[in-house]
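**Q** Start counting the sequence shown at 261; every next residue gets the next number (my numbering).
C-beta atoms are modelled at their ideal positions from N, C-alpha and C, and glycine is treated no differently.
Every value quoted in this text rests on a predicted model; they were computed, and no experiment measured them.
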Amino acid sequence: MYSNTPVYQKVLIIRLSSLGDVLMSVDLITLISRLYKEVEFDVLTNTDYHSLFQDNARVKCLPWSRQKQGGFLKTLSLAYQLKKKHYDVVIDLHDVLRSHIICTVLRNKNTRVFSIQKGRFEKTKLIKNHQLERPLIHTVERYLQVFNRAGFKVEKSTLDDFIVSKTCDVKKNIQEKKWAFDKMGLSLPCGNDIKFFIGIAPFAQHPQKIYPLQAMQEIIAYYTKQQVCVILFGKGQHELQIMQAWCQQFKYCVRVPDSFTLKQELELMRYLNVMLCMDSANMHLATLARIPVVPIFGPTHPFLGFYGYLQPLKNCVQVELSCRPCSSFGQKACVRGDLACMHLIKPDDVIDVINRLLAE
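This is how it looks when you write it as structure tokens:
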């Protein structure tokens with residue numbers, strides 16, 4: 261249950277980056293802004309992510325850029341600009357040095373500050389001892405805890421019901437999906453024999469989290485032979501070269517145009533039957549699109565609290581190794597030197613999970 265009695269008039273929410281963490285906050289912020297209609301919400305986040313909140317008239321995004329406002333003095337200057345807005349409360353969903361500076365400047369007798377408890381000690385202990393008996397608190401739940409402590413009383417069940425109620429219908433007929441893709445500007449292969457649409461995001465920020473490209477190519481080859489259209493997601497120059505080569509090699513393989521915005525990619529995902537990705541932002545983008553996600557986890561682990569929220573754990577492809585997880589974000593070099601956590605996953609292991617979802 262919740263009380264929609266206004267606890268504040270003006271609220272600042274801070275989540276500067278990264279994309280995956282911002283994506284995990286969108287549903288919760290949307291729900292709370294709807295329940296507390298008389299409260300004004302400002303979200304301080306990366307300018308590139310503003311489109312995620314574009315359809316929410318109750319939320320105003322404030323621009324932030326690491327290049328323009330990332331240094332100490334620039335962050336301090338930004339904090340004093342924000343101080344003039346006279347917020348009643350600051351909700352820090354980031355808990356890093358930059359957000360600490362802002363919170364320190366804004367905190368006074370009239371402005372309260374509530375910060376996320378990231379559970380750093382718990383995560384460090386899990387990684388060090390590889391104790392995987394139970395999952396840690398999910399990041400979305402940690403966000404919810406901050407809002408609850410600030411006075412926005414929303415139950416987890418209310419948030420879960422809100423998310424489930426907006427589940428996307430992946431069973432739209434092929435012609436309807438083709439029409440939607442054409443309207444978005446995505447060029448599809450010619451022919452009327454396409455059976456399904458699968459999204460694949462084969463890359464991640466850290467190379468250790470990327471499934472071997474040769475194995476990924478085998479998966480693409482398998483599905484394109486089955487008249488399944490594979491839509492590739494990726495932005496980097498090196499990534500584009502690899503994806504372009506795949507598109508030239510396989511008839512039913514296309515990639516998302518470079519010009520697509522984050523919001524357009526989100527809309528495109530809503531028409532996919534399933535999304536294959538790494539432990540990356542695309543996992544959370546597909547989760548926000550309300551479609552089934554098949555993530556491949558290697559050096560990281562779903563129990564650390566960064567798994568797609570409410571995504572079934574049985575859809576995660578991973579191998580159990582005594583050295584997993586070796587880090588929270590997958591940035592550390594492999595202690596074995598062979599990235600067995602990725603190389604031991606066979607293409608058939610991934611295909612089996614996707615086929616099960618397509619059959620369902």
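Would you identify the three-state DSSP class for residue 372, choosing helix, strand or coil?
**A** If DSSP states are grouped into helix, strand and coil, residue 372 belongs with the strands.
**Q** Within 10 angstroms of its Cβ, does residue 555 collect 16 or more other Cβ (buried), or is it exposed?
**A** Residue 555 is buried by the Cβ-count criterion.
**Q** Taking DSSP's pairing of strands, which residues face residue 300 in a bridge?
**A** Per DSSP, 270.
**Q** For residue 457, which residues does DSSP report across the bridge?
**A** The partner list for residue 457 (beta bridge, DSSP) reads 489.
**Q** Measure from the alpha carbon of residue 458 to the alpha carbon of each residue in 448, 367 and 464, then state which is nearest.
**A** Nearest C-alpha to residue 458: 448.
**Q** Where residue 455 and residue 489 are concerned, what is the direct C-alpha to C-alpha distance, given to the nearest angstrom?
**A** Using only the alpha carbons, I get a separation of about 8 Å.
**Q** If you compare alpha carbons, which of 562, 589, 285 and 314 is closest to residue 376?
**A** Measuring from the Cα of residue 376, the nearest candidate turns out to be 285.
**Q** Output the boundary residues of the beta strand (DSSP E) element that contains residue 555.
**A** Element bounds for residue 555: 553-556.
**Q** Under the three-state reduction of DSSP, which class applies to residue 607: helix, strand or coil?
**A** Correct three-state label for residue 607: helix.
**Q** Which two residues bound the contiguous alpha helix (DSSP H) that contains residue 363?
**A** Segment 357-366, the alpha helix (DSSP H) holding residue 363.
**Q** Taking the beta carbon of residue 506 as the centre, do at least 16 other beta carbons fall within 10 Å, making it buried, or is it exposed?
**A** Residue 506 should be labelled buried.
**Q** In chain order, what residues of the same chain lie with their CB nearer than 8 Å to the CB of residue 621, ignoring the 5 residues before and after it?
**A** Any property of residue 621 remains undetermined from this structure, which presents the chain solely from 261 to 620.
**Q** When you compare the stretch 364-374 with the stretch 383-399, are there three or more beta-carbon pairs, one atom per stretch, that lie closer than 8 Å?
**A** Flag = no, the stretch 364-374 and the stretch 383-399 do not touch.
**Q** Between which residues of its own chain and residue 571 is the CB-CB distance below 7 Å, once the five residues before and five after are set aside?
**A** For residue 571, where only same-chain residues beyond five positions count, the Cβ hits under 7 Å are 547 and 553.
**Q** State the start and end residues of the unbroken beta strand (DSSP E) segment that holds residue 515.
**A** Element bounds for residue 515: 513-515.
**Q** Return helix, strand or coil for residue 282, following the three-state DSSP convention.
**A** Here residue 282 sits in helix by DSSP.
**Q** With a threshold of 6 Å on Cβ separation, who are the neighbours of residue 468 within its own chain once the five nearest residues in sequence on each side are excluded?
**A** Contacts found: 559 and 590.
**Q** Which residue's Cα is closest to the Cα of residue 524: 385, 614, 268 and 443?
**A** Nearest of 385, 614, 268 and 443 to residue 524, Cα basis: 443.
**Q** Please confirm if the stretch 271-291 is in contact with the stretch 331-340, defined as three or more CB-CB distances below 8 Å between the two stretches.
**A** Cβ pair count under 8 Å is below three, so no.
**Q** What is the rounded straight-line gap between the Cα of residue 562 and the Cα of residue 327?
**A** C-alpha separation (whole angstroms): 32 Å.
**Q** What residue does the alpha helix (DSSP H) around residue 434 start on, and which one ends it?
**A** Looking at the DSSP string, the run of the alpha helix (DSSP H) that includes residue 434 is 434-444.
**Q** How many Å lie between residue 445 and residue 515 at the Cα?
**A** Computed Cα separation, rounded: 12 Å.
**Q** Going by the beta-carbon positions, is the gap between residue 529 and residue 551 smaller than 9 Å?
**A** Result yes, Cβ atoms of residue 529 and residue 551 sit closer than 9 Å.
**Q** For the ligand FAD, is there a heavy atom less than 8 Å away from the beta-carbon of residue 587?
**A** The ligand content of the structure shown is nil, which means the ligand FAD is not present either.
**Q** To the nearest angstrom, how far is it from the Cα of residue 396 to the Cα of residue 380?
**A** The straight-line gap from Cα to Cα measures roughly 11 Å.
**Q** Cα-Cα, which of 576, 601, 574 and 577 is closest to residue 587?
**A** Here the closest residue by C-alpha is 601.
**Q** Measuring CB to CB, does residue 268 end up less than 9 Å from residue 410?
**A** Yes.
**Q** Around the C-beta of residue 578, are 16 or more other C-beta atoms found within 10 angstroms, so that it is buried, or is it exposed?
**A** Under this definition residue 578 is a buried residue.
**Q** Within 10 angstroms of the Cβ of residue 568, are there 16 or more other Cβ atoms? Answer buried if so, exposed if not.
**A** The residue in question, residue 568, is buried, as its Cβ has 16 or more Cβ neighbours within 10 Å.
**Q** Could you please give me the residues that DSSP links to residue 319 through a beta bridge?
**A** According to DSSP, residue 319 bridges with 301.
**Q** Can you tell me the Cα-Cα spacing of residue 542 and residue 500, whole angstroms?
**A** Residue 542 and residue 500: Cα-Cα distance of roughly 16 Å.
**Q** Given residue 592, which residues of its chain have a CB within under 8 Å of its CB, disregarding the five upstream and five downstream residues?
**A** The answer, listed in chain order, is 468, 559 and 586.
**Q** Does residue 282 pass the burial test, meaning 16 or more other C-beta atoms within 10 Å, or should it be called exposed?
**A** Buried, because 16 or more other Cβ atoms sit within 10 Å of the Cβ of residue 282.
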